[in-house]
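See below for the structure under consideration.
There are 2 protein chains.
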Amino acid sequence: MALPFKKRVLIVEDDQEIRNSFSLIVNSSQKFMVINAYGNCEDAIDNINRDKPEIILMDIELPGMNGIQGTKIIKEKSPQSEIIMVTVYEDSELVFEALKAGASGYITKSANYMELLSALEEIVKGGAPMSSRIARMVIDNYHVNPNSPLTKRETEILQLISEGKTYTQISEELFISKETAKTHIKNIYSKLQVNSKSEAIAKANLEKLI
Amino acid sequence: MALPFKKRVLIVEDDQEIRNSFSLIVNSSQKFMVINAYGNCEDAIDNINRDKPEIILMDIELPGMNGIQGTKIIKEKSPQSEIIMVTVYEDSELVFEALKAGASGYITKSANYMELLSALEEIVKGGAPMSSRIARMVIDNYHVNPNSPLTKRETEILQLISEGKTYTQISEELFISKETAKTHIKNIYSKLQVNSKSEAIAKANLEKLI
DNA sequence: AAGATAATACCCCTCATTACGGTATATACC
DNA sequence: GGTATATACCGTAATGAGGGGTATTATCTT
């Protein structure tokens, strides 16, 4: 018989052992039940509207479509499904790609009974379960470089550039002449070794100058 | 006598009651000690090199300089000090401003004994303590909008624009003519209702299109 | 206290790139 | 057969980039 109050969990994981052990853990909880477990994204996507999972435990490395691409597609077809990435890697690029794709949590495969269940609980609470390292990675990614080569004024102008403002708009906003704005921008370009607004924005984001 | 193995905690908080209660909690732990407590950022900054705090509990609303501005300055003068924001608000803009300024954690003033100490422990472990809501806010901020008005190709080109590429570079990278790149960009501008590359980048970031 | 340095602010001119207006074809998908 | 997408071209006008200068503060340094 269906237990309507248990949260519906879907597992996408190609390693059968892990799939089984995760299933056992999830089903052992009063609050969660595994409604299905697939070895690849394609099957999960095909059945997403029937399975209607509230939470998906998604491996990244999968045969065929990888878990990040799969996350994107599932989030399009079923936005209310919350996806927790489950992976061996805590590699920086993969983490951010997964988050961009729509993941709301990120735990490692080494997660034990407690860690797995508390990640599920955290998702239900409206949180975002992450390991310490991932949390730190994510937070550090927001930090602005305090040792910018740019002056305060230049940083201010770079900020306005990143907001899409034209030379004229910048000069009006800062009560300076257009020519002064140009001088600042020339200096910014020279310091950042770029030669266009969009390149300056790219570099600024890369080096966290704004 | 000094206890060298206790982590040095500094408190910056203008409400004396909270200051005292936080001090009591921190000092009650074997692992932490309050080395000083100030009612404003200015005093904290002046003494930062003497205090050498490993962890700072920083209020946001303060008389004089606010905690976000203070965080920036402290991070410049003492980059190794880890700063945890302590505030009544979980307002989205403040959170991101604080993180950009250099905060590595974000807890609310309603934090109890346990929550406060585990936030400190989390920092020591190299993590980033956050409430569920903040964690979610931070993670959601990475999510790319799956309902972009742009086509796949347009998104691809917008991505290249955001990397600072010129029309010519884009056309070379995608093996299309410069004119085709221009057409795509025109269409992007029309869909996003912008009229420059940098404005397109700004809108793309705002609406999480890339 | 003099001198150097960095940041700020302003002006002119030239050339390349970008923006904006059209038009058009092939393809694929309903 | 209509719609959406990706491709490609042309011409003009506007904007941005890069070079050359000059001047005034404020701050650091000797």
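Heads up: the protein sequence lines correspond to chains A and B, in order. Sequential numbering from 13 applies to the first sequence in the working numbering. Sequential numbering from 13 applies to the second sequence in the working numbering. Beta carbons: idealized from backbone N, C-alpha and C, even for Gly.
query                                                                                                                                                                                                       : result
Suppose contacts are defined by Cβ-Cβ distances below 8 Å. Is N24/B in contact with G79/B by that definition?                                                                                               : Here residue 24/B turns out to be Val, not Asn, going by the sequence shown. Contact: yes.
CA-CA distance, M142/A and A131/A?                                                                                                                                                                          : 8 Å
Since M149/A is in the alpha helix (DSSP H), which residue starts that stretch and which ends it?                                                                                                           : S144 to D152
Starting from T192/A, trace the alpha helix (DSSP H) in both directions and tell me its first and last residue.                                                                                             : K190 to L204
Could you tell me whether the Cβ of V38/A comes closer than 8 Å to any Cβ of chain B?                                                                                                                       : no
In terms of residues, what are the limits of the alpha helix (DSSP H) holding V156/B?                                                                                                                       : Premise fails: V156/B is in no alpha helix (DSSP H) and is neither H nor E.
Output needed in chain order: residues of the region 172-191 of chain B with a Cβ under 8 Å from some Cβ in chain A.                                                                                        : I173, S174, E175, G176, K177 and T178
Identify each residue in the region 55-85 of chain A for which the Cβ-Cβ distance to at least one residue of chain B is less than 8 Å, and report them in chain order.                                      : K84
Where do the ends of the alpha helix (DSSP H) carrying Y179/A lie?                                                                                                                                          : Y179 to E185
Under DSSP, the beta strand (DSSP E) around G117/B begins and ends at which residues?                                                                                                                       : G117 to T120
Taking 8 Å as the threshold, find out whether the region 110-127 of chain A comes into contact with the region 86-98 of chain A through three or more Cβ pairs.                                             : yes
Once the 5 residues before and after V206/B are set aside, which same chain residues still bring their CB inside 6 Å of it?                                                                                 : A212 and K215
Quick one: Cα of Y125/B to Cα of Y201/B, how far?                                                                                                                                                           : 53 Å
Can you find a CB in chain A that lies within less than 8 Å of the CB of R145/B?                                                                                                                            : yes
Measure the C-alpha to C-alpha separation of L218/A and L36/A and round it to an integer number of angstroms.                                                                                               : 43 Å
If we call anything under 8 Å between Cβ atoms a contact, is K112/A one with Y154/B?                                                                                                                        : yes
For the region 153-165 of chain A, enumerate the residues whose C-beta is nearer than 9 Å to any C-beta of chain B, in chain order.                                                                         : N153, Y154, H155, V156, P158 and N159
Could you check whether the region 103-111 of chain A touches the region 53-69 of chain A, counting it as contact only if at least three pairs of C-beta atoms, one from each stretch, sit closer than 8 Å? : no
For the region 47-81 of chain B, list the alpha helix (DSSP H) runs that are entirely contained and at least 4 residues long, ordered along the chain.                                                      : 53-58 and 60-63
Would you say F44/A lies against chain B (beta-carbon separation less than 8 Å)?                                                                                                                            : no
When you compare only the Cα positions, how much space is there between S90/B and M45/B?                                                                                                                    : 19 Å
Within the 8 Å Cβ cut-off, does I96/A reach chain B?                                                                                                                                                        : no
Could you tell me which chain B residues have their CB closer than 8 Å to the CB of S104/A, listed as they occur along the chain?                                                                           : Result: empty, since nearest Cβ-Cβ is about 13 Å, beyond 8 Å.
Buried or exposed for D71/A, please, with buried defined as at least 16 other CB atoms from any protein chain shown within 10 angstroms of its CB.                                                          : buried
Could you tell me which uninterrupted beta strand (DSSP E) segments, each at least 3 residues in length, are contained entirely in the region 79-114 of chain B, listed from first to last along the chain? : 94-99
Kindly list the residues whose CB is nearer than 6 Å to the CB of A115/A, restricted to its own chain and excluding five residues on each side of it in sequence; keep chain order.                         : T83, I95 and M97
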